[in-house]
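Residue numbering for the sequence shown follows full-length UniProt numbering, starting at 1 and increasing by one per position.
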Amino acid sequence: MATFVLVHGAWHGPWAWERIVPLLHAAGMRTLTPDLSAAGDHGLHDHAGTVAAAVDAVTAYGKEIVLVGHSYAGLVVREAADARPDAVGHIVLVDGWAGPDGSSLFSLAPDTFVAAVRASAETRGGGDRIPAPPPAAFGVADPDTAAGLAARLRPQPLRTFTEPTRLTGAVDRIAGTAVYCRPQTYPFDRFGAAVGYRTRPLDGPHDVMLTHPEPLARMLLDACSFKNGKREV
């Protein structure tokens, strides 16, 4: 039985996986959803430490771990996995930002994105917090889902986007899958391919875990059968 450590992206919380968790449980899997949404001046390294601690908690029970990161958390889970390479069996990025040692979200993002986010933090976030964008920015159009999402989104510490990842190279020994949503917003397929992951398209918006949970859950379960880039039989 595998354990999925599901790590939410920026502005979100563990609730982002609430439509995925029951589907994984129905397939006989365990789940853990670390919380990166606590208030305070946290950075990427703080979040990676939180995820590494979650991996430690699962490892104590001897469970196979699939580490899943959505969006910003792609950088987080890769740094956490780099610190725990012997514990993680597979990494899945869901429209996830990823890069080599020293990459930050701002170093990977286009200049227009960086400028807009910095301006938002300066004008509406006190200089160190990024106000949450509207649900439409995540591709959520359904009125009920959008209303629920808008009520739950929280400001994101700016430092999480500026802090560069610290990778020793150990993460490169772990097989990975990069799920990228179509139509694409940013080149998440290229980010995944550049770090050596197999890439898989999924039709749906950036917050696909909220809008298309069933096909995403199937892709996550498929990742369980892959280790070291090969399917287990």
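Ideal Cβ placement from N, Cα and C applies to all residues, glycine included.
Pick from the options that is closest to residue i, judged by C-alpha positions
i	options	result
Ala-39	Asp-172, Gly-148 and Gly-125	Gly-125
His-8	Ser-103, Met-1 and Arg-19	Arg-19
Pro-100	Ser-120, Glu-79, Val-88 and Val-117	Glu-79
Asp-41	Arg-129, Glu-214 and Cys-224	Arg-129
Thr-162	His-206, Ala-151 and Trp-97	Trp-97
Thr-185	Arg-198, Glu-122 and Phe-113	Phe-113
Thr-160	Met-219, Val-117 and Leu-24	Val-117
Ser-71	Trp-11, Val-55 and Ala-121	Trp-11
Ala-150	Ala-223, Asp-207 and Pro-215	Asp-207
Trp-15	Thr-168, Leu-67, Gly-74 and Thr-145	Thr-145
Val-21	Ser-37, Phe-191 and Thr-3	Thr-3
Arg-190	Thr-50, Pro-205, Gly-89 and Val-94	Val-94
6 Å CB neighbourhood of residue i in its chain, flanking five on each side removed
i	result
Gly-229	Confidence in Gly-229 is poor, its pLDDT being 48 and thus under 50, which makes the residue's placement unreliable; the coordinate value appears in the next sentence. If we look at Gly-229 and ignore the five residues flanking it on each side, its Cβ neighbours are Ala-175.
Arg-218	none
Ala-52	Ala-80, Ala-83 and Arg-84
Val-233	Legend: pLDDT at Val-233 = 32, less than 50; position of this residue unreliable, value from coordinates given subsequently. Excluding sequence neighbours, Val-233 sits near nothing in its chain.
Endpoints, the alpha helix (DSSP H) within which residue i is located
i	result
Ala-16	Where Ala-16 is concerned, there is no enclosing alpha helix (DSSP H), given that its DSSP letter is neither H nor E.
Leu-75	73–83
Thr-145	143–152
Phe-113	111–124
Val-58	44–59
Asp-189	188–194
Val-208	208–211
Ser-107	105–108
Contacting residues, own chain, Cβ-Cβ under 7 Å from residue i (five flanking each side not counted)
i	result
Ala-170	Asp-82 and Pro-85
Ala-54	Val-5, Leu-32 and Pro-34
Thr-168	Asp-82
Ile-91	Leu-67, Val-77, Arg-78, Ala-81, Ile-174 and Gly-176
Gly-28	Met-1
Any chain D beta carbon closer than 8 Å to residue i
i	result
Leu-221	The structure shown contains no chain D, having only a single protein chain.
Identity of the residues DSSP links to residue i by a beta bridge
i	result
Thr-3	Arg-30 and Ile-65
Ile-130	Gln-156
Leu-202	Cys-181
His-70	Val-94
Gly-176	Ile-91
The beta strand (DSSP E) enclosing residue i, as first and last residue numbers
i	result
His-90	88–94
Proximal residues to residue i (C-beta, below 8 Å), its chain only, five neighbours per side dropped
i	result
Ala-193	Ala-178 and Thr-199
His-25	Thr-31
Thr-59	Ile-65, Arg-84 and Ala-87
Arg-152	His-12, Gly-13 and Trp-15
Quiz item: Three or more beta-carbon pairs under 8 Å between the stretch 129–143 and the stretch 104–112, yes or no?
Solution: Three or more Cβ pairs closer than 8 Å define a contact, and the stretch 129–143 falls short of that threshold against the stretch 104–112.
Self-check item: Segment contact flag, the stretch 178–185 with the stretch 150–162, C-beta cutoff 8 Å, min 3 pairs
Solution: The stretch 178–185 is not in contact with the stretch 150–162.
Self-check item: Touching by the beta-carbon criterion (3+ pairs, under 8 Å), the stretch 209–221 and the stretch 71–86
Solution: The answer is no - the stretch 71–86 does not touch the stretch 209–221, with fewer than three Cβ pairs under 8 Å.
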